[in-house]
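**Student:**
In full-length UniProt numbering, the protein residues as written are 1 to 458.
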């Protein structure tokens, strides 16, 4: 019974000793086996079980490691089950199974992202474009979560995502791949191949922007640069890792390699035609480069130009951001007389601390209901299934520091039966009496038939 299995699993999660410490006993693994067995039921039951397994895997992932292949996505799985399975797979990944898991995720991405840049007709591409994009986006984010858990596999994850970036036609997949690349690279500052990876994606962005600025045809492998979300992600990466853009290249080619200054130059040309998300990152890039290269006259002019464009943009959010950054850097608005120059000077003293300090790296796990190691709702509750607190939900209290008296579990008054309050006219009792009479009459008729049969035998 799926309900009983879920109830026992919830009991283990709440009361079992050492549950959640990584040393769960054999009984907890039996619970995992029972939960996995119930996945072969109706899709509604499967969804509830997968939700409970995901919540348990955040607390004690070790009990599900042996069942990893049971969470592989099948062709008939609905989208909500596929996404839950991907979340579970990333939660139970270990150094021993991560290579197999990456191969499995790679097959999901290749099969789900069907519209690749090959010789296909426009109608065939458009009809297949949205078929598996949501699942592929979830698989791409799963790759990012694995790279976050196992940093030694970051190079393999980044290489696969760059290949996907060049090949995919789906805007949502391209945006997810670029965003995941940015998060992986900003998290692994100690990775030896970080400079080369940053240099590669920045060179691709510069080449694509150069073609757009000149009005030339963009190569197929660089079509992703036309995606606003992807451009914004790589621009943000260039701003966060500007010091590494030339460190991965050889000294002879370092001066010829595209860097963040080239990205800023091209974005300044295309600023008026960009969307708000790209303009925001262009403003941040201009501010950071202006602070990092105070003696570079060209960079200062580019930064001032971009900030002035943002100050008078049609989007009020862009105007607000541009004016905030300009004031933070101590730039006085042109043509204004009532400017408190002392306040601007005071703000400029804090500009480097605000803009150039290394910020906290984003996490790929933030999209889940809660981070690994914790569960937002009690396992098996309705709130955990729907993802928000429902009316009447009460979380289990924390374990008390002092053992309470046993009388707290005693009932004040024994519950009374509702049937005795209704009286003799209870419809249930009438039905019961009628059924009893019918059964008695039926038994007597059967006895008469038996007697007749005995007489015939005589």
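A virtual CB, placed ideally from N, CA and C, is assigned to each residue, including glycine.
Measuring straight from C-alpha to C-alpha, what distance separates residue 294 and residue 265?
**Tutor:** Residue numbering aside, residue 294 sits at position 294 when the chain shown is read from its first letter. Residue numbering aside, residue 265 sits at position 265 when the chain shown is read from its first letter. Near 16 Å, if we compare the C-alpha coordinates of residue 265 and residue 294.
**Student:** For residue 363, does the three-state DSSP call read helix, strand or coil?
**Tutor:** The residue labelled residue 363 in the question sits at position 363 within the chain shown. Three-state result, residue 363: coil.
**Student:** Buried or exposed for residue 352, please, with buried defined as at least 16 other CB atoms from any protein chain shown within 10 angstroms of its CB.
**Tutor:** Sequence index remark: in the chain shown, residue 352 carries index 352 (1-based). When all chains shown are included, residue 352 counts as exposed.
**Student:** Can you name, in chain order, every residue of its own chain whose Cβ lies under 6 Å from the Cβ of residue 208, other than the five neighbours on each side?
**Tutor:** Reading the chain shown from its first residue, position 208 is the one you call residue 208. Within the same chain, residue 208 has close Cβ partners 218, 222, 225.
**Student:** Between residue 30 and the rest of its own chain, which residues show a CB-CB distance below 8 Å, the 5 nearest in sequence each way excluded?
**Tutor:** Stepping through the chain shown from its first residue, residue 30 is reached at position 30. No residues qualify anywhere along the chain.
**Student:** I'd like to know if the region 302 to 314 and the region 375 to 392 are in contact, where contact means that at least 3 CB-CB pairs between them fall below 8 Å.
**Tutor:** No, the region 302 to 314 is not in contact with the region 375 to 392.
**Student:** Please tell me whether residue 278 and residue 232 are closer than 8 Å, where the distance is taken between their beta carbons.
**Tutor:** Mapped onto the chain shown, residue 278 falls at position 278. Mapped onto the chain shown, residue 232 falls at position 232. Cβ atoms of residue 278 and residue 232: closer than 8 Å.
**Student:** Classify residue 436: buried if its beta carbon has 16 or more other beta carbons within 10 angstroms, exposed otherwise.
**Tutor:** Here residue 436 corresponds to residue number 436 of the chain shown, with the count starting at 1. Here the model assigns residue 436 a pLDDT of 49, short of 50, so the residue's position is not dependable and the matter cannot be decided.
**Student:** Which residue spans inside the region 145 to 186 form an unbroken alpha helix (DSSP H) run of at least 4?
**Tutor:** Correct list: 154 to 167.
**Student:** Counting Cβ pairs, one atom from each stretch, are 3 or more of them under 8 Å apart for the region 193 to 202 and the region 136 to 144?
**Tutor:** No contact exists between the region 193 to 202 and the region 136 to 144.
**Student:** Around the C-beta of residue 241, are 16 or more other C-beta atoms found within 10 angstroms, so that it is buried, or is it exposed?
**Tutor:** For the purposes of this step, residue 241 is taken as the residue at position 241 of the chain shown. With 16 or more Cβ atoms within 10 Å of its Cβ, residue 241 is classed as buried.
**Student:** Any idea what DSSP makes of residue 94, helix, strand or coil?
**Tutor:** As a working mapping, residue 94 is identified with position 94 in the chain shown. Correct three-state label for residue 94: coil.
**Student:** Let me know if residue 72 comes out buried or exposed under the rule of 16 or more other beta-carbons within 10 Å of its beta-carbon.
**Tutor:** In the chain shown, residue 72 corresponds to position 72, counting from 1. Label assigned to residue 72: exposed.
**Student:** How many Å lie between residue 58 and residue 27 at the Cα?
**Tutor:** Walking along the chain shown from the start, residue 58 turns up at place 58. Walking along the chain shown from the start, residue 27 turns up at place 27. Going by the C-alpha atoms only, they are around 18 Å apart.
**Student:** For residue 379, which residues from the same chain have a beta carbon less than 7 Å from its beta carbon, with the 5 sequence-adjacent residues on both sides left out?
**Tutor:** Position 379 of the chain shown holds residue 379. Cβ within range, chain order: 9, 10, 13, 52, 55, 56.
**Student:** When the Cα atoms are used, what is the spatial distance from residue 259 to residue 15?
**Tutor:** The sequence position of residue 259 within the chain shown is 259, counting from 1. The sequence position of residue 15 within the chain shown is 15, counting from 1. Straight-line Cα distance between these residues: approximately 56 Å.
**Student:** Confirm, please, whether the CB-CB distance from residue 302 to residue 482 is below 8 Å.
**Tutor:** No answer is possible for residue 482: it lies beyond the span of the chain, which begins at 1 and ends at 458.
**Student:** How about residue 133: is its Cβ closer than 7 Å to a heavy atom in the ligand GTP?
**Tutor:** No copy of the ligand GTP occurs in the structure displayed, which carries no ligand at all.
**Student:** Shortest alpha-carbon distance to residue 173 belongs to which of 227, 157, 155, 6?
**Tutor:** Numbered from 1 along the chain shown, position 173 holds the residue referred to as residue 173. Nearest C-alpha to residue 173: 227.
**Student:** Which term fits residue 38, buried or exposed, when burial requires 16 or more other beta carbons within 10 angstroms of its beta carbon?
**Tutor:** On the chain shown, residue 38 is found 38 positions in, with the first residue counted as 1. Buried, by the Cβ-count rule.
**Student:** Starting from residue 228, trace the alpha helix (DSSP H) in both directions and tell me its first and last residue.
**Tutor:** Position 228 of the chain shown, counting from 1, holds the residue named residue 228. Where residue 228 is concerned, the enclosing alpha helix (DSSP H) stretches over 228 to 240.
**Student:** Give the DSSP-derived three-state secondary structure of residue 19 in the structure shown.
**Tutor:** Mapped onto the chain shown, residue 19 falls at position 19. The answer is coil: DSSP assigns residue 19 none of H, G, I, E or B.
**Student:** In angstroms with no decimal places, state the Cα-to-Cα distance between residue 1 and residue 7.
**Tutor:** To locate residue 1, count along the chain shown from 1; it is residue 1. To locate residue 7, count along the chain shown from 1; it is residue 7. Each residue's Cα considered, the two are about 10 Å apart.
**Student:** Kindly indicate the opening and closing residues of the alpha helix (DSSP H) around residue 221.
**Tutor:** Here residue 221 corresponds to residue number 221 of the chain shown, with the count starting at 1. Per DSSP, residue 221 belongs to no alpha helix (DSSP H) and is neither H nor E.
**Student:** For residue 92 and residue 65, which I take to be in contact (beta-carbon distance under 8 Å), what is that distance rounded to the nearest angstrom?
**Tutor:** On the chain shown, position 92 is the one that residue 92 refers to. On the chain shown, position 65 is the one that residue 65 refers to. With 8 Å as the limit, residue 92 and residue 65 qualify as a contact, their Cβ atoms being about 5 Å apart.
**Student:** Taking Cβ to Cβ, would you say residue 230 is nearer than 8 Å to residue 159?
**Tutor:** To locate residue 230, count along the chain shown from 1; it is residue 230. To locate residue 159, count along the chain shown from 1; it is residue 159. No.
**Student:** Beta-carbon within less than 7 Å of residue 268's beta-carbon, same chain only, minus the 5 sequence neighbours each way: which residues are those?
**Tutor:** Indexing the chain shown from 1 puts residue 268 at position 268. The residues are 302, 305, 306.
**Student:** Under 8 Å between the Cβ atoms of residue 109 and residue 136?
**Tutor:** By one-based count along the chain shown, residue 109 stands at place 109. By one-based count along the chain shown, residue 136 stands at place 136. Their beta carbons are under 8 Å apart, which means residue 109 touches residue 136 by this criterion.
**Student:** Reducing DSSP to helix, strand and coil, say where residue 331 ends up.
**Tutor:** Position 331 of the chain shown, counting from 1, holds the residue named residue 331. DSSP places residue 331 in coil when its eight states are reduced to three.
**Student:** In the DSSP assignment, find the unbroken alpha helix (DSSP H) run with residue 305 in it and report its ends.
**Tutor:** In the chain shown, residue 305 corresponds to position 305, counting from 1. Note, residue 305: alpha helix (DSSP H), 297 to 311.
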